[in-house]
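To start, the structure under review is shown below, and the notes come after it.
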Amino acid sequence: TRSRTVALHWLRTHGARDGVVAKRLDEPYRSGSRDAMVKVKRKRTADCVVGGFRYASKGKLVGSLLLGLYDGAGKLDHVGFMSGIRENERAALTKRLEALVGPPGFTGSKPGGPSRWSTERSDEWKPLRTRLVVEVEFDHVTGNRFRHGTRFVRWRPDKKPAQCTMEQLRK
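If you want it as C-alpha cells, here you go:
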C-alpha cells in the first residue's frame, strides 16, 4: 500500500511481534534480494522507576540503569535495563545515583541470575531509593520484561514512581 494510514494499521495489528517488512517505493522488487526491503519495528515508550544500577565492567562509573514497574500488589518488579549512557554524562549520573543507594530497590522480582551475557560482575548491582523516573523506548515485551535493552528518551521529574505500573506494557 501507499497509504500511511493502512500501513500504520498493519503495524499495529500485525506487527506486534517484531514489526513489518516494507518495500521502498523507489526500488523494484527483486527476487532473492533484500536491497529494497526495510524492516519497520514497532516502538513504544514507558515511564520506569530506576530501582538500581550496575557499574560498567571496567571502572567506577555507571554502566546501566535497572528499570522497574509496579505490579498490581504494589511491588516493584525489575523489567529491564538501559545502558546507552553517554560517556560525558556518566560521572555526574554516577554521583547522582550513588547518593540514592539504599533500600527499597526492587521489592518484587529482582535483577540477576545467569544469562548468555553474564560476566563476573553481572550479579553485582546497587539498589536505589525509588526517586527517579525515566522514559525509555522499547520494542518488545516478553512476559513482564523488555525483551531487549531500552533506549533513553528523557528523565521524568514530573512523574511519581508510583505512577509507573505494569499497565503501560499492556497497551
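When we follow the numbering used here, the leftmost residue of the sequence shown carries the number 5, and every step to the right adds one. Idealized CB from N, CA, C, for every residue including glycine. In this text the structure is predicted, and so the values were computed from the model without any measurement.
Runs of alpha helix (DSSP H) with 4 or more residues, each lying fully within the region 77-143, are found at 94-102, listed in chain order.
No residue range can be given for G153, since it is assigned to no beta strand (DSSP E) and is classified by DSSP as neither H nor E. Here M41 has V25, A26, K27 and R28 as same chain residues with Cβ atoms under 8 Å from its own Cβ, once five neighbours each way along the sequence are excluded. Separation of I89 and F110 (C-alpha to C-alpha, rounded to the nearest whole angstrom) is 21 Å. In the DSSP assignment, C52 falls within the unbroken beta strand (DSSP E) covering R48 to Y59. A Cβ-Cβ separation of about 6 Å places L70 in contact with H82 under the 8 Å criterion. When secondary structure is reduced to three states using DSSP, T169 falls in the strand class. Residue nearest to G153 within the set M86, L97, L104 and K43 is M86 (criterion: CA-CA distance). Take the alpha-carbon of F142 and the one of F150: they are about 7 Å apart.
A26 carries a strand assignment under DSSP once its states are collapsed to helix, strand and coil. Look at R6 here: in three-state DSSP terms it is coil, with no helix or strand label. At a Cβ-Cβ threshold of 8 Å, R155 and V137 do not count as neighbours. Residue state for R158 is assigned as strand, using DSSP reduced to three classes. DSSP places S37 in no beta strand (DSSP E); its state is neither H nor E.
Excluding its 5 nearest sequence neighbours in each direction, R48 has C-beta neighbours in its own chain below 8 Å: E141, F142, D143 and K175, listed in chain order.
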